[in-house]
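Asker:
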Amino acid sequence: MQSVAALGRYAIWGACVALLPPLQAGAKATYEKIWAHRANTQVERINNGGTVAGRFDVTGIDTRAFIKAPDGRVVDFAVDGAVVTIPRGLTDAGAVGGRYDLPDDSIHGFFRDSSGTLTAFDGPGLGAAEIAGMNAGNDIAGTYFIDENQNLGGFIRHQDGAFTSFRIDEAYPGTLRIAGINRKGEIAGYYTDSSFVSHAFLRQRDGSTTTFDAPEGKGISVYAINDKGWTAGFFSNHGALQGFVRKRNGEAETFYPPGAFIAITAMNNEGDVTGCYARNFRNYGFIRKAGGKMIGFGLPWGQSEAMCAQSINEAGQVAGYVRYGSFGEKELGFVRTP
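Numbering (my numbering), first residue to last: 729 to 1066.
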């Protein structure tokens, strides 16, 4: 594995810090409820046509996947025998890739093409540990168990059913995480070493891997990659989580949300980042526009127990979920359109 200098050594890292940019209210945005079959619903992905994919509870135990088109049509599906079916990727053509769990708690993958044909698959080695995402070429990325000692490797399941697997030799058992896979077949993620310090990586399609660290060697996590090879995530800075967007050439911009970070979940090809944060005991979504403008938003349907934006498309539409009730007993999906 090829390593490069820590991000902190790039002058651009310190130069582009945006502490608390003006918060834009986004008052002109519109919000749509997604409530599949009037059951608890969580939206996972939105494509560039505004179609969303997510999951909903059937009996309180089983969870099925669904696709909802902008015209309101909803199609739901599940892998035979699965207790949970979760979309992890949605293409503009309407293909879906994701994860399903069996009653024995084993994890597997599925690919559903745009015609509705569903193919289930197992990960390499001892089986899948997680399905992380899918690109426009229907390549599905995830992690798998190399052995019974919880050592994890990464894999790509190609559209033809073939697998490419790889390892990060420095990863401590059980710590490899993949953020996603882009159109070029590049994979981003992070891992923790034996000293319990996390490092980020970008794996090119040819198998070469670049690692990068936060300033002063502090732990770093990557949660999104776009088709340009830009990555987004956060690192710890004096006890607070600070977000970053790192370009392919190593230049990086850092930012804080309007409150305490909960998650960074996705980034589009413009470099707009979305996720959620906490403020005054409430959760909000955010969009950090390329260039630094920060948009924080709540939902217009009353005070919620929890909410988070999960996906953003090229038009800036954001999809996610919100929970209501003292115990989060009512869960809805949402789409925010700017």
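Even glycine gets a Cβ: it sits at the ideal position worked out from N, Cα and C.
#1: Would you tell me roughly how many angstroms separate the C-alpha atoms of ARG840 and ASN776, rounded to the nearest one?
#2: Flag this pair as touching only if the segment 904–916 and the segment 955–975 have three or more C-beta atom pairs under 8 Å; answer yes or no.
#3: Can the beta-carbon of PHE883 be found closer than 8 Å to that of TYR900?
#4: Can you give me the C-alpha to C-alpha distance between GLY971 and PRO943, rounded to a whole angstrom?
#5: To which residues of the same chain is GLY1053 closer than 7 Å at the C-beta, ignoring the five residues directly before and after it?
#6: Taking the C-alpha atoms as reference points, what is the distance between LYS761 and GLY1003?
#7: Leaving aside the five residues before and after PHE1055 along the sequence, list all residues of the same chain whose C-beta is less than 6 Å from its C-beta, in chain order.
#8: Nearest to TYR1005 by CA position, among PHE983, LEU930, ALA869, is which residue?
#9: The beta strand (DSSP E) with TYR984 in it runs from where to where?
#10: Buried or exposed, going by whether 16 or more other CB atoms sit within 10 Å of the CB of TYR801?
#11: How is the beta strand (DSSP E) around ARG792 delimited, first residue to last?
#12: Any idea what DSSP makes of HIS836, helix, strand or coil?
#13: Could you check the C-alpha separation between GLY978 and GLY1024 for me, to the nearest Å?
#14: Under 7 Å Cβ to Cβ from LEU1027, same chain only, skipping five residues before and after it: list those, please.
#15: May I ask which residues mark the beginning and end of the beta strand (DSSP E) holding ASP829?
#16: If you compare alpha carbons, which of GLY1030, TRP1029, ILE1040 is closest to ARG1016?
#17: Could you tell me if GLN770 is buried or exposed, where buried requires 16 or more neighbouring beta carbons within 10 angstroms of its beta carbon?
#18: Residues in its own chain within less than 8 Å of SER926 by CB, not counting five upstream and five downstream?
#19: Closest to ASN863 by CA distance: which of PRO831, ALA1043, ARG933, PHE805 is it?
Answerer: In this structure, then:
#1: Whole-angstrom Cα-Cα distance: 18 Å.
#2: Judged by Cβ distances under 8 Å, the segment 904–916 makes contact with the segment 955–975, as three or more pairs qualify.
#3: For PHE883 and TYR900, no; Cβs fall outside 8 Å.
#4: Those two C-alpha atoms are separated by around 12 Å.
#5: These residues qualify, in order along the chain: GLU1033.
#6: If I take the Cα positions, the gap works out to 18 Å.
#7: In its chain, beyond the 5 residues on either side, no residue has a beta carbon closer than 6 Å to the beta carbon of PHE1055.
#8: Here the closest residue by C-alpha is PHE983.
#9: Here TYR984 belongs to no beta strand (DSSP E), and DSSP marks it neither H nor E.
#10: This sequence places Arg at residue 801; Tyr is not what is there. Taking all protein chains in view, the Cβ of ARG801 is surrounded by fewer than 16 other Cβ atoms within 10 Å, so the residue is classified as exposed.
#11: Residue range 791–796 is occupied by the beta strand (DSSP E) that includes ARG792.
#12: Looking at HIS836 - three-state DSSP - the assignment turns out to be strand.
#13: Those two C-alpha atoms are separated by around 27 Å.
#14: Once the five neighbours on either side are set aside, the close Cβ partners of LEU1027 are TYR759, MET1035, VAL1050, PHE1062.
#15: Looking at the DSSP string, the run of the beta strand (DSSP E) that includes ASP829 is 824–829.
#16: That would be ILE1040, whose Cα lies nearest to the Cα of ARG1016.
#17: For GLN770, the number of other beta carbons within 10 angstroms of its own is at least 16, and it is reported as buried.
#18: Answer for SER926: THR903, TYR918, TYR919, THR920, GLY947, ILE948, SER949, listed in chain order.
#19: Across the set PRO831, ALA1043, ARG933, PHE805, the C-alpha of ARG933 shows the shortest separation from the C-alpha of ASN863.
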